[in-house]
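These notes are about the structure you will find just below.
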Amino acid sequence: MGDVLGKVLVVDDDEVIRQLIAVNLSLEGFEVVTATDGEDCLERVLDVMPDVITLDVMMPRLDGWETAQRLRDGEATRHIKVMLITARAQDDDRRRGMGIGVDAYLTKPFDPAELIEAVGELAAAARGTGRGPGR
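Using the numbering used here, you'd call the opening residue of the sequence shown number 12 and step up by one each time.
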């Protein structure tokens with residue numbers, strides 16, 4: 012299969028968006044695992060141990076804000092790179108994300124190339140390789 016660029020846990024309650032993100036990242040060479048919401052993410056994260064987690068903000072059961080906060084609070088998960096993906100692009104939303112310690116912020120609707128580049132940079136940083144997808 013060649014070199015995997017990194018492992019990504021894609022978390023979104025919208026199946027269409029979840030699959031769109033997963034397919035785009037898989038085609039680029041990432042190993043992708045999906046979760047349907049924040050609770051599902053937290054239940055799976057220790058088994059998956061991803062380099063990067065993409066988190067939708069508006070989800071049932073446990074939203075992206077609370078999920079990101081719990082990931083940052085966890086000893087075993089605080090190092091994982093977290094990218095929030097949301098339609099909420101106001102400055103205070105960005106400040107809230109940065110306050111939690113989120114590594115990146117992508118606004119819906121997004122360009123798949125922008126997603127791939129951002130995830131690639133985070134995965135490279137997580138793996139210490141300093142390079143994203145082959146560009």
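Ideal Cβ placement from N, Cα and C applies to all residues, glycine included. Note that this is a predicted model, so its numbers are computed, not measured.
CB contact flag (residue i, residue j, <8 Å)
i: V22; j: I91; result: no
i: D103; j: T97; result: no
i: A124; j: G17; result: no
i: E50; j: R72; result: yes
Cα-Cα separation between residue i and residue j, rounded to whole angstroms
i: D67; j: D24; result: 8 Å
i: G145; j: V43; result: Its pLDDT being 44, under 50, G145 is placed unreliably by the model, and the measurement read from it follows with that caveat. Cα to Cα, G145 sits roughly 18 Å from V43.
i: L95; j: Y116; result: 5 Å
i: R99; j: R138; result: 29 Å
i: M69; j: L31; result: 17 Å
i: P120; j: R81; result: 26 Å
i: A79; j: C52; result: 10 Å
i: D58; j: Q101; result: 34 Å
i: R107; j: V93; result: 14 Å
i: E86; j: M109; result: 19 Å
Bridge partner(s) assigned by DSSP for residue i
i: V113; result: Answer is none; V113 lacks a bridge partner.
i: I96; result: D67, L117
i: E42; result: K18
Beta-carbon contacts of residue i that lie in its chain and below 7 Å, excluding the five residues immediately before and after
i: R83; result: R89, I111, G112
i: T140; result: none
i: R33; result: A small correction: the amino acid at residue 33 is Ala; Arg does not occupy that position in the sequence shown. Only V21, V43, T45 meet the Cβ criterion.
Cutoff 8 Å: residue i Cβ touching any chain D Cβ
i: V22; result: Note that chain D does not occur in the displayed structure, where there is just one protein chain.
6 Å Cβ shell around residue i - same chain, five flanking residues per side excluded
i: V15; result: E42
Where residue i falls, given that 16 or more other Cβ within 10 Å makes a residue buried
i: P61; result: buried
i: V19; result: buried
i: G13; result: Caution applies to G13, whose pLDDT of 49 falls short of 50 and renders its modelled position unreliable; the value that the coordinates give is listed next. G13 comes out exposed.
i: E26; result: exposed
i: E132; result: buried
Contacts around residue i, its chain only, beta-carbon distance under 8 Å, and the 5 residues preceding and following it disregarded
i: N35; result: P123, L126, I127
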